[in-house]
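I have placed the structure first, in the form of structure tokens, so that the comments after it can refer back to it.
Protein chains: 2
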Amino acid sequence: MASATATLPVEKDAIPSLLQQHGISPTAQRVEIAGILLSKCQHLSADQVLTRLTEHGASVSKATVYNTLGLFAERGLVRQVIVDPAKVFYDSNVAPHHHFYNVDDGNLIDVNAAEVPIEHLPHAPDGTVAEAVDIVIRVRNTG
Amino acid sequence: MASATATLPVEKDAIPSLLQQHGISPTAQRVEIAGILLSKCQHLSADQVLTRLTEHGASVSKATVYNTLGLFAERGLVRQVIVDPAKVFYDSNVAPHHHFYNVDDGNLIDVNAAEVPIEHLPHAPDGTVAEAVDIVIRVRNTG
DNA sequence: CATTTGAGCTAGACAGAGTCTAAAGCCGGG
DNA sequence: CCCGGCTTTAGACTCTGTCTAGCTCAAATG
Ligand SMILES: [Mn+2]
Ligand SMILES: [Mn+2]
Ligand SMILES: [Zn+2]
Ligand SMILES: [Zn+2]
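For the record, the sequence lines run as chains A and B.
Mapped onto our numbering, the consecutive letters of the first sequence carry residue numbers 1 to 143.
Mapped onto our numbering, the consecutive letters of the second sequence carry residue numbers 1001 to 1143.
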């Protein structure tokens, strides 16, 4: 089901088939939401997606935005980034990478995974398997 | 001001002076809260701290629990762990370490920093300095 | 001893993110 | 055309966390 990720930005026309490749029926709302989030490499909260939808003249309900982003994350089309206690960010970049998080201004910047070489991971606790390794480098403005 | 951390668990009698070593006036409520959180190596949410206070017969308001945990974190007495989009965990272990986070049951387990050797960190973006590196290994139950 | 002052505590209102529910819409197959 | 399931929706609701405004209490002052 799950396919390789298209390179960003994903063209409008390519979105329905991209959704289908991830086992997601391409409804009008889902295509709109994917169109916004996958339009470039970025990190958006659900609320930011909702705002941009409204700006684009697309009227999608809050429940659908939350449901859809959750579905996209579950199917590996986008990735959740948990760095801010107040909200989840949805990341259009699903390639392996990490983040700088500026605690002063909330800015989130990608770091290629190759730039943070980890020699080896500790064994996951019994009865569990590692699913992902998230590295967050918290930075602060100088001065 | 900020002193080395006492080894866990911190004895009841040692708490007031520990708070003072971190520049915190040891009020009755603060001593109670520290007594609960520092009683062992653990990760508790603000709400869990509040519940345990009530169980112990200590009556501390919600506002004070939130304010106090925030103050403790700011002064380096405890550490915030952001892995769950729903709530912040307060970690009584302030030694350098990382976490396994079980996404199925919410369980949080410490990993000694030495067990996750990182060769080198990428440079922080211009105008910023790295303050902390948080590594979260998300695990899932097998079967 | 009486008064002032200020840090800290508190109840409860408030805010923001996210979830849930119940009803309505849509759409494809029979 | 009708049915049945999937999807969307408005709005109520929950939960974590913040804020406000008044109160407490102890130390400092006179
Ligand atoms: Mn939430
Ligand atoms: Mn919150
Ligand atoms: Zn990213
Ligand atoms: Zn820990």
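In this text, a Cβ means the ideal position worked out from N, Cα and C, and glycines have one as well.
Proximity test, residue i beta-carbon vs ligand 4 heavy atom, cut-off 7 Å
i, result
"Val1081/B", "yes"
"His1043/B", "yes"
Residue i CB to nearest heavy atom of ligand 3 below 7 Å
i, result
"Asp110/A", "yes"
"Asn188/A", "Residue 188/A lies beyond the stretch modelled for chain A, which goes from 1 to 143, so this question has no answer here."
"His97/A", "yes"
Three-state class that DSSP yields for residue i in the structure shown
i, result
"Ser1017/B", "helix"
"Leu44/A", "strand"
"Thr1051/B", "helix"
"Ile24/A", "coil"
"Leu8/A", "coil"
"Gly1035/B", "helix"
"Ala2/A", "Residue placement at Ala2/A is flagged as unreliable, the pLDDT there being 49, under the threshold of 50; the coordinate-derived value follows with that caveat. Note: Ala2/A maps to coil in three-state DSSP."
Between the CA atoms of residue j and residue i - distance to the nearest angstrom
i, j, result
"Arg138/A", "Gly106/A", "10 Å"
"Val1088/B", "Ile24/A", "32 Å"
"Pro1085/B", "Arg140/A", "22 Å"
"Tyr66/A", "Pro1009/B", "42 Å"
"Arg1030/B", "Ser1017/B", "12 Å"
"Ser61/A", "Gly143/A", "42 Å"
"Ile118/A", "Asp1013/B", "42 Å"
"Gly35/A", "Ala28/A", "10 Å"
"Gln1021/B", "Leu1077/B", "10 Å"
"Glu1131/B", "Thr64/A", "37 Å"
"Thr128/A", "Thr1005/B", "32 Å"
"Glu74/A", "Gln80/A", "9 Å"
"Asp1047/B", "His1098/B", "23 Å"
"Lys1040/B", "Ser1092/B", "7 Å"
"Pro96/A", "Val133/A", "9 Å"
"Ile1135/B", "Val94/A", "18 Å"
Segments of 4+ residues assigned as alpha helix (DSSP H) that fall wholly inside the stretch 55-141 of chain A: 62-74
Contact list for the stretch 1117-1140 of chain B against chain A, Cβ threshold 7 Å: Pro1117, Ile1118, Glu1119, Leu1121, Pro1122, Ala1124, Pro1125, Gly1127, Thr1128, Val1129, Ala1130, Glu1131, Ala1132, Val1133, Asp1134, Ile1135, Val1136, Ile1137, Arg1138, Val1139, Arg1140
Within 8 Å of chain B by C-beta, residues of the stretch 79-103 of chain A in sequence order: Gln80, Ile82, Val83, Asp84, Pro85, Lys87, Val88, Phe100, Asn102, Val103
Proximal residues, the stretch 1042-1071 of chain B versus chain A, C-beta separation under 9 Å: none
Near-chain A residues of the stretch 1013-1037 of chain B - C-beta to any C-beta below 9 Å: none
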